[in-house]
Amino acid sequence: MLGLVSAPGTAVPATSPAPSRPLVLGSLEEPGSLSALADLPHHFPGDMPQTLLFDSLIQYLPDGSVGPKLARRWEIGAGGTIYTFHLASNARFHDGRPVTAENVQFTVAAARDPAAQSSDEGLEAVETVEVLNPQTVRFRLKYATPRFLTEGGSRGIVPMHLLAGKDLGRDPFNRQPVGSGPYRLVGFTPGQSIVLDAVPDHYRGAPKISRAVFKILPDQNVILTQLRAGEIQYALLEPRDLPVAERILGVRVLEVPATRFYDITPNFQRPYWQDRRVREAVLRGIDREGIVKRLLGGRGQVVHSNATPASWAYNPDVPRYPYDPGRAQALLGEAGWLPGADGVREKAGQRLGFAVMVKNVDRTLEQALVVAQQQLRQVGVEMRIERLETGVFTARMREGQFDALSRIWNPVYDPDQSVLYRTGNLYGGYNNPEVDALLAKGLTVTDRASRKRIYGEIQRLLAQDVARLYLYSENELHAVATDLSGVKPHPVNLFWNLPEWAWGR
Amino acid sequence: MRRVVEVTLTLGALILAVFLVLRLAPGGPAQLLLGPDRFTPELEERVNHTLGLDRSLPEQVVRWVRAVCAGELGTSYFHRRPASQVVLERLGATLILGGLAFGLSLVVGLSVGVLAAARQGSWVDRLLSHGAVAVIATPSFWLGIGLILLGSVWLGILPSAGLAPIGQEGDLGARLRYLILPVLTMAASHAASLALYTRSALLEVLASDFVRTARAMGTSARRILWRHALSAAAVPIITMAALNLAHFLEGSIVVETVFGWPGIGQLTTASVARRDYPVLLVISLWAGIVVVTANLMADLLTRLVDPREAEE
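In structure tokens form, the structure reads like this:
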């Protein structure tokens, strides 16, 4: 078992230029496994340790393009099916062993091994990985796909010499990982904290802050209290925290438009949802501008299709359906739904009512749905809200046991959302052959400009069809200490440049 | 020997019940492990196969029991490490919290109960008894939040959450400050119920014939109370305390969640949400052992205190 290895003060390595104040990040979520094999690191504070402990071949840059990391450079050949990466010769794991092509080969094999219970995002197309020499590795893909470089290349590389032949699903490595990232693990107290120290001779340069601490806190109120007390210097906020957070001296709020968004997903098995006029009417019956303005305090925007302005694939030019109760009522009338005795519309003895399920942790979303519920009632639509625990929500989603569901969608790394929209999907069952063809095409083309056109067209089609009742996107709100500089927003992972963060205004 | 068989059967039944109840809860680990946006039937099948969840329920039970007998308690889906190790890492925190709270509730509960019984009918008795009823009626999450408000927010002298200041896990003084609020919260209702129980058990004994005889023989009131009455009332009090011990497990779930205390209680709540079956099974096994042991200990203690019990 690994306790806290060193006491503060004694922990700063002798080679470090000067001991600096530790950076403490507050989080509600404790990561399960710290190994890079578990998952790709995303935006959430829980992914911070993995981001810093493991370096990957490439790094995803703020504008959605790709820059070097362990791979100094690479060549792409054979129509996007062969990638040759040249590794930095001075990259080392925290135990001193060099990062070689063999480790890359091992990482890919391990991530795809079902026993590792790992996600294999971005690596699905890989056919073979060849070691050309210790610094050169070649990937052959079964088909060209844009997700390989951005997602497959973001996978943290793990050390073969520590993991070969081990049971990856339960090895102590998952708790005491050794990577090649700019920080190394020095302490992990379950449910409390994870302590990382800078690697002073890191091949990409020494991080400016010598110690980063990940502190696990029980709830959002404690996070605010700790921010006020100066005990943490970073935390993710929710819109309702703003009135409090903005009054805390020494804390600034960084507002970043996000790629994630919320919608109401209709279950197309229900006959009433199959009528496009009903979908449009319900959407027009909800004052989404008002929800953004009042509920989110203006910290967000209405979304009109399955991408937000934060995505490089965003198409602003799609059909929009602003709040218009009169038009909503007219559409419902046209579709044959007429007001019944209690005001709820009816057709052939059936009431126009549906239940929308929502996870009990999405509290802001639930409030938005309550607002929508009242507004829909005005146009004669009865929406019931079902709050469910996450496991129950997911089970019912899988089984198609719902009228409608409302939740967050999070297209990180790539605008592709085939799993959600292609014919036969488990997310409401929307189907449109035209969209299917475009979704398939978007995954074979690798050049950014053509892909932008394809995903732009998909957004237009989905909006035109009212495939979903798109609601809004919340801006990400990060509370950052004012004396912390160098924090740069990023669409996928705020901690991407944490080694550049420094104390000082 | 009969006890051993009984204990084994009890634990076996408990585990079987937990196993079945967990599987009755909708949703499974695969859906939560995969994350919401990567969800396809093929991926789910792959994960379920790796976890052995694609087998029939009886087969899963048999495999699990067989593994447990071989000393293998399974792997946590979420932590990707042996489930027993995950639980063990958290056990210390709960034992410290629960142990101190249990100790405190014994001392306070017994003293208050004896004091109230000795002054039966006086204003002291009324104050203590009514106070105890009020404490029992207060839910522990409410009490915990109230104490945080008082100690951390208004007075600002005690930390509101956590085990110890980061980097000072070895500093005993610092750790004690973190223990005050959760221990108080956890001990309060148990101390109160033990006090009331002790009071009524003592009053019953004090009204009995042998006490009247002792009084008539000129034995001092103090000696009657401490020596004769208390030992006669000991059997029900010990049973009550042992029952309380089981409730501490249940209480730790609430108290640890309120105070961000990284123990078994917090792990239980989190593991239910994650459908981390192996961890939950280890926790149930552990909780079952604690409860059964506590009852066994109570039995032994009562026999020690009252030899008549042993003869039955």
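Protein sequence lines, in the order shown, are assigned to chains Z and W.
First residue of the first sequence: 683, per the working numbering; consecutive thereafter.
First residue of the second sequence: 674, per the working numbering; consecutive thereafter.
Glycine included, each C-beta is placed from N, C-alpha and C at the ideal position.
Here the structure is a predicted model, which means the values were calculated and not measured.
- The DSSP-derived three-state label of Z/N1092 is coil.
- Linking W/Y851 to Z/G869 through their CA atoms gives a straight-line distance of about 20 Å.
- Just so you know, the alpha carbons of W/L730 and W/A740 end up roughly 15 Å apart.
- The beta-carbon of Z/P872 is placed less than 9 Å from the nearest beta-carbon of chain W.
- If the five residues before and after Z/N1092 are omitted, its C-beta is found closer than 6 Å to the C-beta atoms of R942, all from its own chain and listed in chain order.
- Contact fails between the stretch 892 to 904 of chain W and the stretch 808 to 828 of chain W, because fewer than three Cβ pairs, one in each stretch, are under 8 Å apart.
- Using a CB distance cut-off of 9 Å, W/S833 counts as an interface residue toward chain Z.
- Under the three-state reduction of DSSP output, Z/V984 falls in the strand class.
- DSSP places Z/L844 outside any beta strand (DSSP E); the residue lies instead in the alpha helix (DSSP H), whose first and last residues are 842 to 845.
- For the pair Z/L1159 and Z/E913, the CB atoms are not nearer than the 9 Å cut-off.
- Taken through DSSP and simplified to helix, strand or coil, Z/G1073 comes out as helix.
- Nearest CB-CB separation between W/V720 and chain Z: below the 9 Å threshold.
- Counting along the chain, W/G786 sits inside no beta strand (DSSP E); it lies in the alpha helix (DSSP H) bounded by residues 756 to 791.
- Sequence-ordered contacts of the stretch 743 to 769 of chain W with chain Z read T748, F751, H752, R753, R754, P755, E762, R763 [C-beta pairs closer than 7 Å].
- Our two residues, W/L954 and W/E745, have alpha carbons roughly 12 Å apart in a direct line.
- Looking from the CA of Z/W955, the closest CA among Z/D1085, Z/P841, Z/A773, Z/N1157 belongs to Z/D1085.
- Z/G708 carries a strand assignment under DSSP once its states are collapsed to helix, strand and coil.
- Contact between Z/R774 and Z/S862 is confirmed by a C-beta separation of about 6 Å, below the 8 Å threshold.
- In this structure W/G701 is not in contact with W/R976, their Cβ atoms being roughly 47 Å apart against a cut-off of 8 Å.
- Contact check for W/L854 and W/F775: beta-carbon distance about 17 Å, past the 8 Å limit, so the pair fails to qualify.
- Here Z/A753 carries a strand assignment [DSSP, helix/strand/coil].
- In the assembly as shown, Z/Q1146 is an exposed residue. Its beta-carbon has fewer than 16 other beta-carbons within 10 Å.
- At a cut-off of 9 Å between C-beta atoms, Z/P900 counts as an interface residue with respect to chain W.
- When 9 Å is used as the limit between beta carbons, W/Q733 is near no residue of chain Z, the shortest such separation being about 17 Å.
- In this structure, Z/L831 and Z/V808 do not form a Cβ contact; the two beta carbons are roughly 12 Å apart against a cut-off of 8 Å.
- Z/T1072 has a beta carbon lying within less than 9 Å of a beta carbon in chain W.
- For Z/S800 and Z/V1094, the gap between their C-alpha atoms comes out near 18 Å.
- Per the coordinates, the alpha-carbon of W/T858 lies some 11 Å from the alpha-carbon of W/G771.
- Just so you know, the alpha carbons of Z/V1117 and Z/S1132 end up roughly 16 Å apart.
- Contact with chain W is found for Z/T907, since one of that chain's Cβ atoms lies less than 9 Å from the residue's Cβ.
- In this chain, the alpha helix (DSSP H) harbouring W/R736 covers 730 to 742.
- Counting only runs of 4+ residues, the alpha helix (DSSP H) found wholly inside the stretch 882 to 957 of chain Z occupies 902 to 910, 924 to 927, in chain order.
- Looking at the DSSP output, Z/E1156 sits in a beta bridge with Z/G982.
- For W/G685, no beta strand (DSSP E) encloses it; the enclosing alpha helix (DSSP H) starts and ends at 675 to 697.
- Judged by DSSP in its simplified three-state form, Z/V790 adopts helix.
- Put simply, the CB of W/A946 is near chain Z, with a gap under 9 Å to one of its CB atoms.
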